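Novice: Sharing a structure with you now.
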Amino acid sequence: MEAQKTRIFHKDPLIILTGPTAVGKTKLSIALAKAVGGEIISADSMQVYRRMDIGSAKVRPEEMEGVPHYLINVLDPAEEFHVVRFQQMAKEALRRIRENGHIPIVVGGTGFYIQALLYDIDFTENEAQTGIRKELEELAVREGPEGLHALLAAADPKAAEEIHAHNVKRVIRALEFYRLTGKRISEHNEEQRGKESPYLFAYFVLNEERERLYERIDARVDQMMKEGLLEEVEALKEEGLCRGMVSMQGLGYKELLGFLDGEYSLEEAVRILKRDTRHFAKRQLTWFRRERDVIWLDKQRFAYDDAAVLEYMLEILREKEIIF
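Here is the structure:
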């Protein structure tokens, strides 16, 4: 009882379940939530959008098994979503879950979002449009994503390594930060990462042997195409959505827009999507390996038995006094 009192008066509990795309986070997260009395906050940059269901591998209502989910289907695809907005929305979800007397479980593969929430990173970001931002946006149109990314590589090589050239919004924000403050955003974020988390947390990373993971990725892409991913992208395009929008830069959407715009065949679009998704999974794992305090859940260690993985997670949560 004393341990529970200490937890309540000092730090609120938080469980994180992440891992590369297609590794099987959704199914395990539902079992975990039911076992601990949890509610789920999605840390996914695409599932937040309405009408983008197939390409984002969005959890279906019947898969939720009654477990409340937050930050799913809350934005229109024309709206921008970035780490600062995620942080604000996730904190509100945390407050609501605590009011319900439940444990928040953050589930998703966007490591930067998880880090921002877990360590309460201060991005010192000016949300108002600045002259510098407008200038950089115009430069992105003139020079293209690669030209803009080259500027970032010169100013802040570490940030350039971490931010993909096609993530134009993040590249612009990093350059804007540098020009406004004279400081590299990678250094600022490193300082922020050194902060102690305000939560009593367990940070789980579910992982799979590489070849098996790549097979799962290829199978998922094939299944998405069977379920109507092309038709989903066509419908979004007819709404007026284009590749310049944050939502349409997601995997599955930009590749199929290339096909719809006549740049390559459908077969080639699917090949590119599989390749890009494998590369994305590799980048995700690189990110998680750099994070401190993570607990790796290698599926082969548990003979690919989800029940065994869950039992191990519950043991850790008891040890940390997140559950009793």
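For what it's worth, my numbering labels the leading residue of the sequence shown as 718, then goes sequentially.
From the three backbone atoms N, C-alpha and C, an ideal C-beta is built for every residue, glycine too.
Please read all numbers here as calculations on a predicted model, not as lab measurements.
Within 10 angstroms of its Cβ, does Asp761 collect 16 or more other Cβ (buried), or is it exposed?
Specialist: Position 44 of the sequence shown, counted from the first residue, corresponds to residue 761. Within 10 angstroms of the beta-carbon of Asp761 lie 16 or more other beta-carbons, which makes it buried.
Novice: Under 8 Å by Cβ, that's how I've got Pro1043 and Leu953 pegged, so tell me the actual separation to the nearest angstrom.
Specialist: Only positions 718 to 1041 of the chain appear in this structure, which leaves residue 1043 out of reach.
Novice: DSSP has Thr735 in a bridge; who is on the other side?
Specialist: Walking along the sequence shown from the start, residue 735 turns up at place 18. Its beta-bridge partners are Val922.
Novice: For Ser982, count the other beta carbons within 10 Å of its own beta carbon; 16 or more makes it buried, fewer makes it exposed. Which is it?
Specialist: Start at 1 with the first residue of the sequence shown, and residue 982 comes out as number 265. Classification of Ser982: exposed, given that the 10 Å Cβ count is below 16.
Novice: What does the Cβ neighbour count give for Asn906, buried or exposed, with the cut at 16 atoms within 10 Å?
Specialist: For this step, residue 906 is matched to residue 189 along the sequence shown. Label assigned to Asn906: buried.
Novice: Tell me which same chain residues have a C-beta within less than 7 Å of the C-beta of Arg815, skipping the five on either side of it?
Specialist: Numbered from its first residue, the sequence shown carries residue 815 at position 98. Excluding residues within five positions, the ones whose Cβ falls inside 7 Å are Asp729.
Novice: Excluding the five sequence neighbours on either side, which residues of its own chain have a C-beta within less than 8 Å of the C-beta of Leu1027, listed in chain order?
Specialist: By 1-based counting over the sequence shown, the position of residue 1027 is 310. If we look at Leu1027 and ignore the five residues flanking it on each side, its Cβ neighbours are Leu745, Ala748, Leu749, Ala752.
Novice: Residues in the same chain with beta-carbon distance under 7 Å from Gln909, minus the five sequence neighbours each way, listed in chain order, please.
Specialist: Position 192 of the sequence shown holds residue 909. Cβ neighbours of Gln909 beyond the five flanking positions: Tyr836, Ile838, Asp839.
Novice: Going by C-alpha distance, which of Gly755, Lys742, Val740, Tyr787 is nearest Leu1034?
Specialist: Taking the sequence shown and counting its residues from 1, the one referred to as residue 1034 is at position 317. The residue with the shortest Cα to Cα distance from Leu1034 is Gly755.
Novice: If I measure Cβ to Cβ from Ala833 and keep anything under 6 Å in the same chain, skipping five residues before and after, which residues do I get?
Specialist: Here residue 833 is taken as the residue at index 116 of the sequence shown, counted from 1. Cβ neighbours of Ala833 beyond the five flanking positions: Val800, Gln804.
Novice: Less than 8 Å between the CB atoms is what I'm expecting for His765 and Ile789, so what's the real figure, rounded?
Specialist: Within the sequence shown, numbered from 1, the residue matching residue 765 stands at position 48. Within the sequence shown, numbered from 1, the residue matching residue 789 stands at position 72. Reading off the sequence, residue 765 comes out as Val, not His. Rounded, the Cβ-Cβ distance is 7 Å, consistent with contact.
Novice: Which same chain residues end up closer than 8 Å to Glu780 when comparing Cβ atoms and leaving out the 5 residues on each side of it in sequence?
Specialist: Within the sequence shown, numbered from 1, the residue matching residue 780 stands at position 63. Excluding sequence neighbours, Glu780 sits near Thr743, Lys744, Ile747.
Novice: What three-state label does DSSP hand Leu1014 in the structure shown?
Specialist: Translated into positions along the sequence shown, residue 1014 becomes position 297. In this structure, Leu1014 counts as strand in the three-state DSSP scheme.
Novice: If you count every other CB in all the chains shown that lies within 10 Å of the CB of Ile1012, and 16 or more means buried, which is it?
Specialist: Residue numbering aside, residue 1012 sits at position 295 when the sequence shown is read from its first letter. Exposed, because fewer than 16 other Cβ atoms sit within 10 Å of the Cβ of Ile1012.
Novice: Would a C-beta distance cut-off of 8 Å place Ala891 and Ala876 closer than the cut-off?
Specialist: The residue you call residue 891 lines up with position 174 of the sequence shown. The residue you call residue 876 lines up with position 159 of the sequence shown. Yes. Within cutoff.
Novice: How many angstroms separate the CA atom of Arg850 from the CA atom of Gly957?
Specialist: Counting from one through the sequence shown, the residue named residue 850 turns up at place 133. Counting from one through the sequence shown, the residue named residue 957 turns up at place 240. Those two C-alpha atoms are separated by around 24 Å.
Novice: Alpha carbon to alpha carbon, how far is Leu1042 from Ile902?
Specialist: Outside the displayed span of the chain (718 to 1041) sits residue 1042, for which this structure offers no information.
Novice: Could you tell me the distance, in whole angstroms, from the CA atom of Pro785 to the CA atom of Ala774?
Specialist: Numbered from its first residue, the sequence shown carries residue 785 at position 68. Numbered from its first residue, the sequence shown carries residue 774 at position 57. If you take the alpha carbons of Pro785 and Ala774, they lie about 18 Å apart.
Novice: Please name the residue in Gly961, Gly741, His819 whose C-alpha comes closest to that of Ile1040.
Specialist: For the purposes of this step, residue 1040 is taken as the residue at position 323 of the sequence shown. Per the Cα distances, His819.
Novice: Taking all protein chains shown into account, decide if Gln1001 is buried (16 or more other Cβ within 10 angstroms of its Cβ) or exposed.
Specialist: Position 284 of the sequence shown, counted from the first residue, corresponds to residue 1001. It counts as buried.
Novice: Per DSSP, what kind of secondary structure is Ser914 in: helix, strand or coil?
Specialist: As a working note, residue 914 is residue 197 in the sequence shown. For Ser914, the secondary structure class from DSSP, reduced to helix, strand or coil, is coil.
Novice: Could you spell out where the alpha helix (DSSP H) holding Val987 opens and where it closes?
Specialist: Translated into the one-based positions of the sequence shown, residue 987 becomes position 270. Run containing Val987: 983 to 1007, per the alpha helix (DSSP H) assignment.
Novice: How would you label Asn884, buried or exposed, when you count the other beta carbons within 10 angstroms and need 16 or more for buried?
Specialist: Here residue 884 refers to the residue found at position 167 when the sequence shown is read from its first residue. Using a 10 angstroms sphere on the CB of Asn884, the tally of other CB atoms reaches 16 or more, which defines it as buried.
Novice: Leaving aside the five residues before and after Ala845 along the sequence, list all residues of the same chain whose C-beta is less than 7 Å from its C-beta, in chain order.
Specialist: Stepping through the sequence shown from its first residue, residue 845 is reached at position 128. Residue confidence for Ala845 is low, a pLDDT of 49 falling below 50, so the modelled location carries little weight; the figure read from the coordinates is stated next. Nothing meets the Cβ criterion.
Novice: Can you give the Cα-Cα distance for Ala998 and Ile771, rounded to whole angstroms?
Specialist: As a first step, residue 998 is located in the sequence shown; it is residue number 281 there, counting from the start. As a first step, residue 771 is located in the sequence shown; it is residue number 54 there, counting from the start. Approximately 18 Å between the Cα atoms of the pair.
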